[in-house]
Amino acid sequence: MAGLPYIVGNWKMNGTRAMLNEARAIDRAAARFPKVQVGVAPPATLLYRVRDAVELIGVGGQDCHAKDSGAFTGDVSAPMLKDAGADFTIVGHSERREYHGESDADVKAKAEAALSAGLAVILCVGETESQRDAGDAEAVVGAQLEGSCPKADGAPEKLSVAYEPVWAIGTGRVPSIEDVAAMHASIRGKLVELYGEGGGEVRILYGGSVKAENAAELLAVPEVGGALVGGASLTAESFLAIVGAAASLGE
Ligand SMILES: O=C[C@H](O)COP(=O)(O)O
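Position 159 of the sequence shown, counting from 1, maps to 220 under our numbering, and the rest follow consecutively.
Rendered as C-alpha cells:
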C-alpha cells in the first residue's frame, strides 16, 4: 500500500464560523507533520471559508449529488464542491445511507460524479451490529464495495475507502484489532478483485470512535492507511493528537 497515512476530519453537521480557528490551528500544526496527509470535511456552508483559511491541509465535502446541476433543492453537486475549493468528497457515509436512504447504486453514481469533477473520493462502507453478530460483516462490506465502487476515470487512483462499522460510530466502541485487520484484508482483496493491480494502492481508512488514545494501535494495523475521524476532529487539539499518532508511526 503506497502513500502517506491519511487523517481526515469529518465535521458532520457541526460548526459555524468559529470553527475557522480550529481549521487554522490544524493547518499551522500540519507543517510539523509532513509525513501525514491531513484533510477536513466541514459542512458545505463553511467549505469556501475553510478553503481560504488553510494552506497545507486538504478540504472536502461530506456528500455530493450525482447530477451536476438541476432542480434538487438542498443538494450540492460535485462541480459546486470543486468550485468552492474542495479537493475531495466523502460519499456513502452510513449516516447518508441510513437517514437519506442512499443505496449502493446511489453511492456509486455520486463517486463517479465526484471523480468526473476532479475530486478525490472517500467512499464509506461498514456493517451494522446485527450484521456483525450474524457473522456477515465481511460479506456485507464486500457487497457494498461491489455495488458502490466507481468505474469512472480517476478510479482507483483517486479513491480511498473508509471502513466504518456503523456500531462504532460515535459510540466509543471499536472493533478488536484482529477484526479490524481481518476486515481491512478482506477489503483489500475485494479492491484487487474489482480494480486489478490498482486496487492494491487504494488507501483504506478506519473510522469509528478513533481518538488519541486508540489511534496509534489502530493505525499500526496492516492495511490501515489512515483514519476518518468524527467527534475527535471537532477541536484542533484532539484532532492533532491523532495526526501526531500517525506521524509517530513513521518514525
Ligand atoms: O466519519 C466519521 C465517522 O463517522 C466516525 O465518527 P466518530 O469518530 O465520531 O465515531
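We put the CB at the ideal spot given by N, CA and C, even for glycine.
Buried/exposed call for residue i, threshold 16 Cβ in 10 Å
{"i": "D167", "result": "buried"}
{"i": "A147", "result": "buried"}
{"i": "L187", "result": "According to the sequence displayed, residue 187 carries Gly and not Leu. G187 should be labelled buried."}
{"i": "N71", "result": "buried"}
{"i": "T77", "result": "exposed"}
{"i": "Y67", "result": "buried"}
Range of the contiguous alpha helix (DSSP H) that encloses residue i
{"i": "F300", "result": "A297 to L310"}
{"i": "V241", "result": "I238 to Y256"}
{"i": "A172", "result": "D165 to S177"}
Three-state class that DSSP yields for residue i in the structure shown
{"i": "L279", "result": "helix"}
{"i": "V99", "result": "strand"}
{"i": "V202", "result": "helix"}
{"i": "S138", "result": "strand"}
{"i": "I265", "result": "strand"}
{"i": "A288", "result": "strand"}
Delimiting residues of the beta strand (DSSP E) encompassing residue i
{"i": "S221", "result": "L220 to Y224"}
{"i": "T106", "result": "Run containing T106: none in the beta strand (DSSP E); it sits in the alpha helix (DSSP H), A105 to A114."}
{"i": "A181", "result": "A181 to V186"}
{"i": "I68", "result": "Y67 to N71"}
Contacts around residue i, its chain only, beta-carbon distance under 8 Å, and the 5 residues preceding and following it disregarded
{"i": "E278", "result": "I238"}
{"i": "N114", "result": "Contrary to the premise, residue 114 reads as Ala rather than Asn in this sequence. So the qualifying residues of the chain are L81, A84, R85 and D88."}
Beta-carbon proximity list for residue i, same chain, < 7 Å, skipping 5 on both sides
{"i": "V282", "result": "I238, V241, A242 and H245"}
{"i": "G269", "result": "E225, P226, A229, I230 and V235"}
6 Å CB neighbourhood of residue i in its chain, flanking five on each side removed
{"i": "Y256", "result": "P217"}
{"i": "H154", "result": "C185"}
{"i": "R249", "result": "E284"}
* Asked: Three or more beta-carbon pairs under 8 Å between the segment 255 to 264 and the segment 297 to 309, yes or no?
  -> no
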